[in-house]
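Participant: Residue numbers (this note's numbering): 125 to 909. Glycine included, each C-beta is placed from N, C-alpha and C at the ideal position. Note that the structure is a prediction, hence the values are computed from the model and not measured. The following block contains the structure, expressed as C-alpha cells.
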Amino acid sequence: MQKRINVSVRDIADFSLASGDIETYAAFGYREAALDGTQNHIRFQKDMIKQYGEDCFAKEVYVEDVLENDVVYMVVTGRIDGVLKTDDSNIFVYEIKTTCKDINEIKPADRPEHLGQAHCYAYMYCKKKNIDATGIRLVYINRENQDSITFEYRLTFNQLESIYSELTNRYLDWVTGITAWKTIRNQSIETLEFPFASYRKGQKKLMSEVYNCIDDAVKLFATAPTGIGKTMGVLFPAIKALGAGLVDKLMYLTAKTVTAKVAVDAYKKLEKNGLNLRTVCITAKDKVCPMEKKDCDPEKCSRANHYYIRARACLKEILHEQFFDRDIIARYADEYNICPFELSLDVSGYCDLIICDYNYLFDPRVRLQRYFDYENEQSFCFMVDEAHNLVERGREMFSCSIGIKQLEDFKDSIKKEWKALRKSVNALINEMKELQAEHFSTMNQGFISQAELPLVLTDRANRCVNDIMMYDLSKIPDDKRESFLEGMFNILFFSRVAQMYDRRFTTLFTSDGKGLDVKLMCLDPSYLLRQSMDTGRSAILFSATLEPKRYYMDLLGGDGNMDSFLTLDSPFPRENLKVKLVTDISTKYKDRDLSYEKIAQLLKKQFSQKTGNYMVFFPSYAYMRRVVEIFTDLCPDMDILEQKPYMDDAERSLFLERFEKFGENTLVAFAVMGGLFGEGIDLVGEMLSGVAIIGPGLPMLCPERELIKKYFDDIDMNGFDYSYTFPGMNRVLQAAGRVIRSETDTGFVLLIDSRFGTAKYRSLFPKWWNCSNMYNSFEEDGFLC
C-alpha cells in the first residue's frame with residue numbers, strides 16, 4: 125500500500141537547495157519577521173492589482189501536483205504569491221521575499237532555494253494552464269524602507285520540467301527511504317518483547333493505562349513510586365502505540381540530565397531485544413558548542429557559515445546510525461565542520477524518539493518550532509518524567525523581566541545609524557523611569573504588584589521588536605554584539621510573554637533605589653502547559669510524587685473530566701522503610717536559633733547507632749551551615765560531606781562517588797531539599813542507610829510566593845497550600861525517596877519538625893509508609909537501628 129505524503133513547494137526547495145547560514149536571531153524573531161513579511165506581501169499585491177487590475181494580476185494562486193512510486197503517493201501543494209498577464213500576453217510568476225539586507229547586496233545565488241521555489245511554482249502553473257513558457261520575477265523587499273529589487277527570468281516548460289523533476293525526485297527518493305525505514309521499525313516493534321522476565325508490582329497496570337490513554341488521545345497523570353519501573357513502564361507501551369500507528373513521534377521530556385540517562389538506558393535494553401528505533405538525545409547548545417567563544421554569527425563561526433550545504437551531506441551519512449547521543453552527534457559535526465546542536469535538531473526530524481529537556485516543548489524561547497509553532501501533520505506522544513518539577517519550571521519558562529540598567533546597556537550597543545531602534549529603546553527606558561517615579565517616589569518598600577498588564581510599557585517593547593526586525597543584525601559591531609543580543613532577546617521575550625498575559629499573570633515592580641525591574645510573572649502555568657501538550661495526541665505525566673492529585677491536575681493543565689489519574693502502591697515490603705517523627709523540635713524560621721544544637725545532638729544520637737552512610741536534608745544553605753558547624757565538633761570521627769551552592773558536574777560526581785564506600789566509617793552528607801541531591805539519584809543497598817529531613821521544606825517567604833498565595837486564595841483555593849505546603853512536601857517526599865531504591869534495600873526516614881505530627885501533614889504522607897508513633901528528641905529509646 126502506498127503511503128500518502130503531503131508536502132509544500134517550499135519544503136521541497138528548502139530540502140534540495142537550502143544553502144544559508146545559521147543566524148543567531150532568526151529563530152526567535154521568526155514570528156515577528158514573518159508577520160512583517162506577510163504585510164509586505166499584501167502591500168505588494170495590492171499595488172500590483174491597483175496598477176494592472178484584478179483581471180491581469182491574480183494573488184495567492186493555488187497549485188497542486190502528484191508524484192508517486194510503489195511506496196509513496198506524494199501530493200505537492202503551494203500558493204503562488206502572484207501571477208501577472210501582461211498586455212502582450214506574457215505571463216510572469218511572482219515570488220516575493222522580505223529581507224533586512226540592503227537590496228543592493230542581494231544575490232539570488234546566495235539563497236538558491238528562493239529561486240528554486242519560484243521554478244517549481246512556474247512549472248506547476250504552466251502544467252495546470254498548458255503553457256509552453258513563462259517569466260519568473262523574484263522580488264526582494266527591504267523590511268525597513270520598503271525598497272525592492274526584482275530579478276527576472278524566462279524559461280520554457282521543458283526547462284522548468286527538468287528543474288522541477290530533479291528537485292521533486294530528490295525529495296521523493298528521500299521520503300521513500302524514510303517510509304521504508306518506518307516499515308522496518310514497525311516490524312521490529314510488532315515482535316518486540318518486554319525486556320524482563322516478569323513485571324514488577326504495578327508495572328503492567330501502568331503500561332496498560334499508558335497505552336489506553338494514547339489510544340484515547342487523553343493525558344495520564346501517574347504517581348508511580350520508586351521500584352515500579354516507571355521509565356520502562358511508560359516507554360514500552362508508547363513504543364507499541366507508535367508501531368500501531370497511533371502516533372508518529374515520541375518525545376521523552378526530562379528536567380535533569382540524570383533522568384535522561386535513565387531513559388537512554390531503557391532504550392538500550394529494548395534495542396538489544398531487537399528494536400529498530402531512531403533515537404536522538406538533544407543536549408543544550410552551551411554544553412555541546414566546541415567553540416571557545418560561543419557566537420553563532422556566520423562571519424565568526426565557520427560551523428554556522430553555509431551550514432545547510434554541509435548539513436545535507438552529513439545527514440545522508442549520519443542516518444546510517446540509529447542512536448544519536450552527544451558523542452555521535454559531535455563526531456559527525458566535527459567531520460563536516462557544522463554546528464553539533466543544530467545537527468541534533470535536524471537529525472530529530474528523522475527520529476522516532478526524541479529525548480530532551482522540558483524546554484524543547486514548553487519554553488517559548490527554545491521550543492522546537494519546526495514541530496510545534498507551524499503547520500505540522502506529525503502526531504506526538506509526550507512523556508513527561510519527574511513531572512512534579514514542571515510546576516515551577518513552567519512558571520519560570522513563562523515569566524520575564526526587564527530592567528532599566530539592562531535596557532541602557534542595550535541602547536549603548538545599538539549602531540548610531542539605527543535611529544528608529546535607538547528612539548524606540550529610549551522611549552521604553554523613559555517609560556520605565558516614569559513607572560519608577562510613579563510607584564517608588566514616596567514609598568519605602570522595594571516592590572509592588574498589579575494584576576493589569578502595563579500596556580504603555582508593553583506597547584513600547586512591541587515597538588522595539590518591530591524596529592529590531594527592520595535591520596540587518598549581521599552588521600552589529602563585534603565589541604557590542606554580546607550586549608546587543610542579550611538585550612534584544614530579552615525584549616523579544618518580554619513582548620512575547622505580554623502576548624500570553626492574562627488573569628494567570630501578575631506584574632511585579634521592584635526597585636533598589638537606583639533602577640527599576642519589571643517582571644511579568646506567571647502565577648499559574650496550567651493553561652500554557654496544556655496548550656503545549658495539546659499540540660500532541662497524548663501526554664503521559666509521571667513521577668514518584670505526583671500527589672495531591674488535585675494540586676497537580678490543577679497546576680499541570682489536567683482536565684478532571686477527560687484525563688486519567690493513576691496512583692500505584694510501592695512494590696516493596698512496607699517493613700523495609702521505617703519512618704519516625706520527632707515532633708518536639710520546631711524548625712520554623714522564628715525558632716531556628718533554638719534548634720541548631722538540638723538537631724545536631726539528635727543526629728549524633730541517631731547516626732552513632734550503626735556505621736553507615738546517611739544524608740541530612742535542610743530547607744536552606746544557611747540553616748544547614750549552622751547545624752554542620754555544631755555537628756562537626758560533636759562527631760569528629762565521622763566523615764562529613766556538605767553540598768555547596770552552584771556545584772558543577774564534576775563536583776556533583778565526586779560528592780556521589782563517596783557513597784560507594786561504606787562499612788568502614790560513618791558518612792554523613794548534608795544537602796538542601798529540592799537541590800542536586802534531593803531527587804534523581806540512585807544510592808542502592810548499603811550506599812545509603814537512612815535520611816533525616818529537617819522541616820517540611822516550605823519555600824522561602826518572598827514577594828513572588830505571596831503573590832502565588834493571593835492568586836489561589838482569590839479563586840477559592842487554599843493559597844498557602846498551593847504556594848507553600850504542597851511544593852514543600854514534594855521536596856520532603858523526594859528526599860525520603862532516596863532511601864529505598866530496590867526490593868532488597870532497607871533503611872529509615874527521620875522527619876524532624878513539630879508540623880509533621882499534625883493531621884494535615886500526615887495526610888500528605890504516602891499510604892505505603894510504615895509510619896510509627898511520634899518521638900521526642902530527648903527519648904533514649906525508639907530510634908532506628
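According to DSSP, F880 sits in a beta bridge with which residue or residues?
Facilitator: Taking the sequence shown and counting its residues from 1, the one referred to as residue 880 is at position 756. Note: F880 sits in no beta bridge, so no partner.
Participant: Under 8 angstroms, with one C-beta from each stretch per pair, do the region 570-580 and the region 516-527 reach the 3-pair mark?
Facilitator: no
Participant: Bridge partners for V263 per DSSP, in chain order?
Facilitator: The residue labelled residue 263 in the question sits at position 139 within the sequence shown. I220, T274.
Participant: Rounded to whole angstroms, what is the Cα-Cα separation between K728 and C646?
Facilitator: As a working note, residue 728 is residue 604 in the sequence shown. As a working note, residue 646 is residue 522 in the sequence shown. Rounded to the nearest angstrom, the two C-alpha atoms are 43 angstroms apart.
Participant: Which one of D757, K714, G871 has the shortest CA to CA distance from K704?
Facilitator: Stepping through the sequence shown from its first residue, residue 704 is reached at position 580. The alpha carbon of K704 has as its nearest neighbour, out of D757, K714, G871, the alpha carbon of G871.
Participant: One question on the structure: do Y885 and M841 come within less than 9 angstroms of each other, judged by their Cβ atoms?
Facilitator: Here residue 885 refers to the residue found at position 761 of the sequence shown. Here residue 841 refers to the residue found at position 717 of the sequence shown. Their beta carbons are not under 9 angstroms apart, which means Y885 does not touch M841 by this criterion.
Participant: Are the region 178-190 and the region 248-256 touching by the rule of at least three beta carbon pairs closer than 8 angstroms?
Facilitator: yes
Participant: First and last residue of the alpha helix (DSSP H) that includes Q730?
Facilitator: Position 606 of the sequence shown, counting from 1, holds the residue named residue 730. Where Q730 is concerned, the enclosing alpha helix (DSSP H) stretches over 720-731.
Participant: Measuring CB to CB, does V386 end up less than 9 angstroms from T403?
Facilitator: Counting from one through the sequence shown, the residue named residue 386 turns up at place 262. Counting from one through the sequence shown, the residue named residue 403 turns up at place 279. No; because the gap between Cβ atoms is not below 9 angstroms, this pair is not in contact.
Participant: What are the uninterrupted segments assigned as alpha helix (DSSP H) that are 4 or more residues long and contained completely in the region 655-683, given in chain order?
Facilitator: 673-679
Participant: Helix or strand or just coil, what does DSSP make of L141?
Facilitator: Locating residue 141 in the sequence shown gives position 17, where the first residue counts as 1. Of the three classes helix, strand and coil, the one that applies to L141 here is helix, per DSSP.
Participant: Between S140 and the rest of its own chain, which residues show a CB-CB distance below 7 angstroms, the 5 nearest in sequence each way excluded?
Facilitator: Counted from its first residue, the sequence shown places residue 140 at position 16. For S140, where only same-chain residues beyond five positions count, the Cβ hits under 7 angstroms are G240, L291, R294, Y295.
Participant: For the candidate residues N400, G570, Y456, whose alpha-carbon lies nearest to that of Q311?
Facilitator: As a first step, residue 311 is located in the sequence shown; it is residue number 187 there, counting from the start. Of the listed residues, the one whose Cα sits closest to Q311 is N400.
Participant: Give me whichever residues DSSP pairs with I764 in a beta bridge.
Facilitator: Locating residue 764 in the sequence shown gives position 640, where the first residue counts as 1. V792, per the DSSP bridge assignment.
Participant: Would you decide whether P361 is buried or exposed? Buried here means 16 or more other CB atoms lie within 10 Å of its CB.
Facilitator: Taking the sequence shown and counting its residues from 1, the one referred to as residue 361 is at position 237. Buried, since its Cβ has 16 or more Cβ neighbours within 10 Å.
Participant: Compare the C-alpha of L812 against each of D470, G177, N737, E541 and name the closest.
Facilitator: Here the question's residue 812 lines up with position 688 in the sequence shown. The shortest C-alpha separation from L812 is found at N737.
Participant: To the nearest angstrom, how far is the alpha carbon of L159 from that of P743?
Facilitator: For the purposes of this step, residue 159 is taken as residue 35 along the sequence shown, with counting starting at 1. For the purposes of this step, residue 743 is taken as residue 619 along the sequence shown, with counting starting at 1. Low per-residue confidence applies at L159: pLDDT is 48, beneath 50, and the placement is therefore not dependable, though the value from the model is reported in the following sentence. Rounded to the nearest angstrom, the two C-alpha atoms are 47 angstroms apart.
Participant: If you compare alpha carbons, which of G637, C438, L609, S537 is closest to H563?
Facilitator: If you number the sequence shown from 1, residue 563 lands on position 439. Closest by alpha carbon: G637.
Participant: Give the single residue among M507, K253, K373, D211 whose Cα lies nearest to the Cα of G473.
Facilitator: In the sequence shown, residue 473 corresponds to position 349, counting from 1. Ranking M507, K253, K373, D211 by Cα distance to G473 puts K373 first.
Participant: Quick one: what's K702 bridged to in DSSP?
Facilitator: As a first step, residue 702 is located in the sequence shown; it is residue number 578 there, counting from the start. Answer by DSSP bridge pairing, in chain order: F872, N894.
Participant: Take the Cβ of G353 as the centre, count every other Cβ of all protein chains shown within 10 Å, and call the residue buried at 16 or more, exposed below.
Facilitator: For the purposes of this step, residue 353 is taken as the residue at position 229 of the sequence shown. Per the 10 Å Cβ criterion, buried.
Participant: E510 and K380: beta carbons closer than 9 angstroms?
Facilitator: What you label residue 510 is simply residue 386 of the sequence shown in a count that begins at 1. What you label residue 380 is simply residue 256 of the sequence shown in a count that begins at 1. Cβ atoms of E510 and K380: closer than 9 angstroms.
Participant: Within 10 angstroms of the Cβ of H165, are there 16 or more other Cβ atoms? Answer buried if so, exposed if not.
Facilitator: On the sequence shown, position 41 is the one that residue 165 refers to. Answer is buried; the Cβ neighbour count reaches 16.
Participant: Taking G351 and F696 to be in contact with their CB atoms under 8 angstroms, please state how far apart those CB atoms are, rounded to whole angstroms.
Facilitator: Numbered from 1 along the sequence shown, position 227 holds the residue referred to as residue 351. Numbered from 1 along the sequence shown, position 572 holds the residue referred to as residue 696. Yes, G351 and F696 are in contact; Cβ-Cβ is about 5 angstroms, under 8 angstroms.
Participant: Out of curiosity, what's the CA-to-CA distance linking Y846 and P820?
Facilitator: One-based indexing of the sequence shown puts residue 846 at position 722. One-based indexing of the sequence shown puts residue 820 at position 696. The alpha-carbon atoms of Y846 and P820 are separated by roughly 14 angstroms.
Participant: Starting from Y456, trace the alpha helix (DSSP H) both ways and give me its first and last residue.
Facilitator: As a position in the sequence shown, residue 456 is number 332, starting the count at 1. Per DSSP, Y456 belongs to the alpha helix (DSSP H) from 450-460.
Participant: Would you mind working out which of T631, A137, R546 sits nearest E828, comparing C-alpha positions?
Facilitator: Taking the sequence shown and counting its residues from 1, one reaches residue 828 at position 704. Measuring from the Cα of E828, the nearest candidate turns out to be T631.
Participant: Can you tell which of A795, Y835, E810, L807 has the C-alpha that lies nearest to the C-alpha of I818?
Facilitator: In the sequence shown, residue 818 corresponds to position 694, counting from 1. Cα-wise, what sits closest to I818 is A795.
Participant: Assuming A246 is part of the alpha helix (DSSP H), what are its boundary residues?
Facilitator: Taking the first residue of the sequence shown as position 1, residue 246 is located at position 122. Counting along the chain, the alpha helix (DSSP H) containing A246 begins and ends at 236-253.
Participant: Taking S132 as the reference, give the member of V508, R203, D715 with the closest Cα.
Facilitator: The residue you call residue 132 lines up with position 8 of the sequence shown. S132 has its Cα closest to that of R203, out of V508, R203, D715.
Participant: List the endpoints of the continuous beta strand (DSSP E) containing K225.
Facilitator: In the sequence shown, counting from the first residue as 1, residue 225 sits at position 101. From DSSP, K225 is part of no beta strand (DSSP E); its letter is neither H nor E.
Participant: If you draw a straight line from the C-alpha of R267 to the C-alpha of M593, how long is it?
Facilitator: In the sequence shown, the residue the question calls residue 267 occupies position 143. In the sequence shown, the residue the question calls residue 593 occupies position 469. One C-alpha to the other measures close to 8 angstroms.
Participant: Between which two residues does the alpha helix (DSSP H) carrying G852 extend?
Facilitator: Walking along the sequence shown from the start, residue 852 turns up at place 728. Counting along the chain, the alpha helix (DSSP H) containing G852 begins and ends at 850-860.
Participant: Tell whether a beta-carbon distance below 9 angstroms holds between Y431 and I462.
Facilitator: As a first step, residue 431 must be located in the sequence shown, where it is residue number 307. As a first step, residue 462 must be located in the sequence shown, where it is residue number 338. For Y431 and I462, yes; Cβs fall inside 9 angstroms.
Participant: Does the region 707-727 come close enough to the region 782-789 that 3 or more CB-CB pairs lie under 8 angstroms?
Facilitator: no
Participant: Just confirm the distance between the C-beta atoms of A551 and R587, as a whole number of angstroms; I'd bet it's less than 8 angstroms.
Facilitator: The residue labelled residue 551 in the question sits at position 427 within the sequence shown. The residue labelled residue 587 in the question sits at position 463 within the sequence shown. Indeed, because the Cβ distance is near 7 angstroms, the residues count as touching under 8 angstroms.
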